[in-house]
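Have a look at the structure below, then the notes.
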Amino acid sequence: MTGAITAVAAVGIGGAVIASQGARSAANAQQRAADAATAEQARQYDQTRADFAPWRQAGQTALTALADPNKNFMASPDYAFTKAQGMRGIESSAAARGGAFSGNALRALDQFNSDLASTQFGNWWNRQAGLAGIGQQATGSTAAAGQNAANNISNNMLAAGDARASGIIGSANAWRGALNSFGNYAAYGGFGH
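Numbering (numbering that gives the first Met the number 0), first residue to last: 0 to 192.
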């Protein structure tokens, strides 16, 4: 009878060990998969953020320029170049006629500068606003990618926790099943006969 008891115990314990190890192995595989998914999601978000960085920076630069338009418009390369070329043309024309410092030349310069500022300011403003809008869109896209990554990473973490819990429960159930089988065998007289 001792041989039968030993066989029942060995089968029960062996089955519990195999089931317990299988449950833990499956949980570990799920954990590794969730960790790999989390790492890939984080990597992709970092790449997306880096890809949008130049657009966000351009938008920030334009927004900063719009914050002080009087100073930044006058210092813009397109305004400075157009102004320098226009003034040079008026001065050359006046000098060719022998009236470089005449009242007509000074009025022409004043009128040119006034017209230049009024026509060029709107163009400058629209270009800066367009760049600021591109930056705003890039920032929104980056934020959406970040939220998506956070949601996916959270889901991965929950899945990893579920896998870990399932492994623990599976292992416990395997041992409980072995003990129940052993107990049932004893309760029904398997050890007394």
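Here a beta-carbon is modelled for each residue, glycine too, at the ideal position from N, C-alpha and C.
Fair warning: this is a prediction, and the values are worked out from it, not measured in the lab.
Sequence-distant residues of its chain with Cβ nearer than 6 Å to residue i (five each side left out)
{"i": "residue 37", "result": "152 and 155"}
{"i": "residue 198", "result": "Here the chain comprises residues numbered 0 to 192, so residue 198 is not present and cannot be evaluated."}
{"i": "residue 73", "result": "none"}
{"i": "residue 18", "result": "173"}
{"i": "residue 150", "result": "none"}
Contact under 7 Å by Cβ, residue i with residue j
{"i": "residue 165", "j": "residue 26", "result": "yes"}
{"i": "residue 134", "j": "residue 59", "result": "yes"}
{"i": "residue 15", "j": "residue 173", "result": "yes"}
{"i": "residue 162", "j": "residue 30", "result": "yes"}
{"i": "residue 55", "j": "residue 137", "result": "yes"}
{"i": "residue 71", "j": "residue 79", "result": "no"}
{"i": "residue 92", "j": "residue 123", "result": "no"}
For residue j and residue i, believed in contact at Cβ under 8 Å, the rounded distance
{"i": "residue 32", "j": "residue 169", "result": "Actually they do not touch by this definition, with Cβ atoms about 17 Å apart."}
{"i": "residue 177", "j": "residue 12", "result": "6 Å"}
Proximal residues to residue i (C-beta, below 7 Å), its chain only, five neighbours per side dropped
{"i": "residue 20", "result": "none"}
{"i": "residue 57", "result": "130, 133 and 134"}
{"i": "residue 127", "result": "61, 64 and 65"}
{"i": "residue 44", "result": "144, 145 and 148"}
Close beta carbons around residue i, own chain, < 8 Å, minus the five adjacent residues each side
{"i": "residue 81", "result": "115 and 119"}
{"i": "residue 89", "result": "104, 107, 108 and 111"}
{"i": "residue 34", "result": "155 and 159"}
Under 8 Å, with one C-beta from each stretch per pair, do the segment 113-125 and the segment 43-51 reach the 3-pair mark? They do not touch, by the three-pair rule.
Is the segment 176-184 in contact with the segment 70-86, if contact means three or more CB pairs nearer than 8 Å? Too few Cβ pairs lie closer than 8 Å, so no.
Whole beta strand (DSSP E) runs in the segment 17-82 with 3 or more residues, listed along the chain? Runs found: none.
Threshold first: 4 residues or longer. Then list the alpha helix (DSSP H) segments lying entirely within the segment 125-180, N to C. Counting only runs of 4 or more, we get nothing.
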